[in-house]
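Chains as they are written, first to last, in this note's numbering: chain Z, 1 to 209; chain L, 210 to 395. Comments concern the structure below.
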Amino acid sequence: MPDPRDDLYERIREDIASERGALAWIRARPTPLRAALLGALGFGGAVALIAAMRPESFTRPRTLGWAIGLTGAIAMTAVAMAALLRPVHADGWSPLRRRLVAAAIALGALGALTLAGDGSLGALGTGHCLMMGAVASLPTFVAALLLDRHPRRGALFAALSATLVGALTLQVMCRGRSLLHLVTEHFGVVLAGGLFYFSVAALLARVRR
Amino acid sequence: MHLEDRSDEALMAAYLAGDQAAHRALFDRLAPVLTALIRRQLRDEAEAEDVLQRTFLAMHRARHDFRPGARVRPWVFTIAMNLVRDTFRRRKRRRESPLELDGRHDPVVWSHSGLERAEEAALVRRAIASLPRDQRRAVELHWLEERPFAEIAELVGASVSAVKVRAHRGYKKMKRWLETETELRA
């Protein structure tokens, strides 16, 4: 009588056999390496693209608020990236990790408040920061899709990592200080970009399954 | 040396080196333990088989994260438990959670009906979640899984006395946490 476990093992072998090609290879790399790649591609890509485009409005003075904003941006994005790359064999969120996440969010919020608008209406072109946000976030999104092993939960964190990089790059770099500009364009990157990225990632996850 | 005589760790090392027979031997050895564990949690034959299959796929995807010298069972066990939790999240049916209360093992006295029962289960879930990792794992396996300490010790890769201490401390902390929470609610 055939052992039912043989059938199951056959299915597992088929699953494993389908894990081939460059993408499967890169996703199977150790997590620290994937984290380094995501960070380098995400942040590096954003910096390179913005440097190449040389937007005139991206010349915010390097103040203490700018430094706090930058630190908060990096901390929050690192948390989102860590959630994206969290290995399946990792234990649940410990109280210490929860505190680190809370600290990163608090620092990010403090940075955002420090850099928030002062009520003056800036004269930046419509859609300028939406475009820059999309440019800044795209490398992170692509890298997240390449490196994520768990398509089911990955869509959310890929979208979150990408929009955080986009929105917080704007928050740190853009010199537009009008509240209207911040709400419509910077927040627009979070809202529109997040929804768009999440939809794309969820669709791709379905295809991958 | 025959495959049967090799340790889990030796089989894992051979599998990482590309030995398919070692992978099969590892499957034959771990599948029964994992099946029992997952089935007891999910109480659904088809879902349990799906999670078992996904456990071995996840194990393959994460194989380069496995640290040489580490124990295989705790590693695979954590993968399976995380996938079980994912399954519960997908179900979104709290009443079928693995943390259903069972009067025999409750650390405090509970009433057992309807909404109250669901609230109590949620409260216990939070109490368990508040524990440090090692204690949480020991409590989950001992209380919810009803596993003997010797088996827990093997699964988590620690001595029997160590897991006993962890579980004991975990229960004490849970009791304090639940008492405080109950007082606050009252």
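The beta-carbon is built from N, C-alpha and C at its ideal position, and this holds for glycine as well. The structure displayed is predicted, hence computed values, not measured ones.
Quiz prompt | Residue-chain proximity (residue 22 of chain Z, chain L), Cβ-Cβ < 8 angstroms | solution = Stepping through the first sequence from its first residue, residue 22 of chain Z is reached at position 22. By this cut-off, residue 22 of chain Z is not an interface position.
Exercise. Run the CB neighbour count on residue 171 of chain Z, radius 10 Å, all protein chains shown included, and call it buried at 16 or more, exposed below.
Key: Walking along the first sequence from the start, residue 171 of chain Z turns up at place 171. With 16 or more other Cβ atoms within 10 Å, it is buried.
Exercise. For residue 270 of chain L, decide whether its Cβ has a neighbour in chain Z, counting only Cβ atoms nearer than 8 angstroms.
Key: Taking the second sequence and counting its residues from 1, one reaches residue 270 of chain L at position 61. Output row for residue 270 of chain L: interface = yes.
Exercise. Answer with yes or no whether the minimum CB distance from residue 239 of chain L to chain Z is below 8 angstroms.
Key: Working through the second sequence from its first residue, we reach residue 239 of chain L at position 30. Output row for residue 239 of chain L: interface = no.
Quiz prompt | Buried versus exposed call for residue 98 of chain Z [16 or more other C-beta atoms within 10 Å across all chains shown] | solution = Translated into positions along the first sequence, residue 98 of chain Z becomes position 98. Around the beta carbon of residue 98 of chain Z, fewer than 16 other beta carbons lie within 10 angstroms, which makes this residue exposed.
Quiz item: Count the other CB atoms within 10 Å of the CB of residue 254 of chain L; is the residue buried (16 or more) or exposed (fewer)?
Solution: Position 45 of the second sequence, counting from 1, holds the residue named residue 254 of chain L. Exposed, by the Cβ-count rule.
Quiz item: Just checking my contact of residue 37 of chain Z with residue 147 of chain Z at CB under 8 angstroms: how many whole Å lie between their CB atoms?
Solution: The residue given as residue 37 of chain Z occupies position 37 in the first sequence. The residue given as residue 147 of chain Z occupies position 147 in the first sequence. Their Cβ separation, rounded to whole angstroms, is 6 angstroms, which keeps residue 37 of chain Z and residue 147 of chain Z in contact under 8 angstroms.
Quiz item: Quick one: is residue 202 of chain Z near chain L, going by C-beta distance under 8 angstroms?
Solution: What you label residue 202 of chain Z is simply residue 202 of the first sequence in a count that begins at 1. Taking Cβ atoms only, chain L never reaches closer than 8 angstroms to residue 202 of chain Z, which makes this a no.
Quiz prompt | Where the alpha helix (DSSP H) containing residue 174 of chain Z begins and where it ends | solution = For this step, residue 174 of chain Z is matched to residue 174 along the first sequence. Premise fails: residue 174 of chain Z is in no alpha helix (DSSP H) and is neither H nor E.
Practice problem: Check residue 132 of chain Z in the structure and name its three-state DSSP category. | Solution: If you number the first sequence from 1, residue 132 of chain Z lands on position 132. It is helical.
Quiz prompt | Min CB distance residue 10 of chain Z to chain L below 8 angstroms | solution = Here residue 10 of chain Z corresponds to residue number 10 of the first sequence, with the count starting at 1. Residue 10 of chain Z does not count as touching chain L.
Quiz item: With DSSP run on the structure shown, which of helix, strand or coil describes residue 351 of chain L?
Solution: As a first step, residue 351 of chain L must be located in the second sequence, where it is residue number 142. If DSSP states are grouped into helix, strand and coil, residue 351 of chain L belongs with the helices.
Quiz prompt | Closer than 9 angstroms at the beta carbon, the chain Z residues around residue 287 of chain L | solution = Mapped onto the second sequence, residue 287 of chain L falls at position 78. Near residue 287 of chain L (Cβ distances below 9 angstroms), the residues of chain Z are 88, 89, 90, 91.
Exercise. Whole angstroms is fine: what's the gap from residue 198 of chain Z's alpha carbon to residue 298 of chain L's?
Key: Sequence index remark: in the first sequence, residue 198 of chain Z carries index 198 (1-based). Sequence index remark: in the second sequence, residue 298 of chain L carries index 89 (1-based). C-alpha separation (whole angstroms): 19 angstroms.
Quiz prompt | Nearest-angstrom beta carbon gap, residue 139 of chain Z and residue 39 of chain Z [assumed within contact, 8 angstroms] | solution = Taking the first sequence and counting its residues from 1, one reaches residue 39 of chain Z at position 39. Taking the first sequence and counting its residues from 1, one reaches residue 139 of chain Z at position 139. That pair is no contact at about 11 angstroms.
Quiz item: Nearest CA to the CA of residue 291 of chain L: which residue from Z:89, Z:200, Z:202?
Solution: Counted from its first residue, the second sequence places residue 291 of chain L at position 82. When only C-alpha atoms are compared, the closest one is Z:89.
Quiz item: Which residues in chain Z sit within 7 angstroms of residue 273 of chain L, going by Cβ to Cβ distance?
Solution: Translated into positions along the second sequence, residue 273 of chain L becomes position 64. What residue 273 of chain L touches in chain Z: 28, 29, 30.
Quiz prompt | Selection from L:385, L:279, L:358, L:233 that minimises the alpha carbon distance to residue 13 of chain Z | solution = Numbered from 1 along the first sequence, position 13 holds the residue referred to as residue 13 of chain Z. Closest option to residue 13 of chain Z, Cα to Cα, is L:233.
Self-check item: Proximity of residue 163 of chain Z and residue 194 of chain Z at Cβ, strictly below 8 angstroms
Solution: Here residue 163 of chain Z corresponds to residue number 163 of the first sequence, with the count starting at 1. Here residue 194 of chain Z corresponds to residue number 194 of the first sequence, with the count starting at 1. Taking 8 angstroms as the Cβ cut-off, residue 163 of chain Z and residue 194 of chain Z qualify as a contacting pair.
Practice problem: Quick one: grab the DSSP three-state call for residue 157 of chain Z. | Solution: Against the first sequence, residue 157 of chain Z aligns to sequence position 157. DSSP places residue 157 of chain Z in helix when its eight states are reduced to three.
Exercise. Decide if residue 349 of chain L is buried, meaning its Cβ has at least 16 other Cβ atoms within 10 Å, or exposed.
Key: Translated into positions along the second sequence, residue 349 of chain L becomes position 140. Classification of residue 349 of chain L: buried, given that the 10 Å Cβ count is 16 or more.
Quiz item: From residue 483 of chain L to residue 388 of chain L, what distance separates their C-alpha atoms?
Solution: Residue 483 of chain L lies beyond the residue range present for chain L, which begins at 210 and ends at 395; the question has no answer from this structure.
Self-check item: Other residues of its chain near residue 44 of chain Z: CB distance less than 8 angstroms, five sequence neighbours each side excluded
Solution: Against the first sequence, residue 44 of chain Z aligns to sequence position 44. These residues qualify, in order along the chain: 139.
Quiz item: How would you list, in chain order, the residues of chain L whose beta-carbon sits under 9 angstroms from the beta-carbon of residue 15 of chain Z?
Solution: Taking the first sequence and counting its residues from 1, one reaches residue 15 of chain Z at position 15. Neighbours of residue 15 of chain Z on chain L, chain order: 262, 263, 265, 266, 269.
Practice problem: Report the option in L:366, L:372, L:385, L:284 whose CA atom is closest to the CA atom of residue 358 of chain L. | Solution: Counting from one through the second sequence, the residue named residue 358 of chain L turns up at place 149. When each option's Cα is compared against that of residue 358 of chain L, the closest is L:372.
Quiz item: Using the beta-carbon of each residue, which ones in chain L are nearer than 9 angstroms to residue 19 of chain Z?
Solution: Along the first sequence, one-based indexing puts residue 19 of chain Z at 19. Chain L residues near residue 19 of chain Z: 266, 269, 270.
Exercise. Could you tell me how far apart the beta carbons of residue 28 of chain Z and residue 263 of chain L are, in whole angstroms, since I believe they sit closer than 8 angstroms?
Key: Sequence index remark: in the first sequence, residue 28 of chain Z carries index 28 (1-based). Sequence index remark: in the second sequence, residue 263 of chain L carries index 54 (1-based). Not really, about 16 angstroms apart at Cβ, beyond 8 angstroms.
Quiz item: Taking DSSP as the reference, what is the three-state secondary structure of residue 336 of chain L?
Solution: Indexing the second sequence from 1 puts residue 336 of chain L at position 127. Of the three classes helix, strand and coil, the one that applies to residue 336 of chain L here is helix, per DSSP.
Quiz item: From residue 288 of chain L to residue 127 of chain Z, what does the alpha carbon distance come to, in whole angstroms?
Solution: By one-based count along the second sequence, residue 288 of chain L stands at place 79. By one-based count along the first sequence, residue 127 of chain Z stands at place 127. Using only the alpha carbons, I get a separation of about 45 angstroms.
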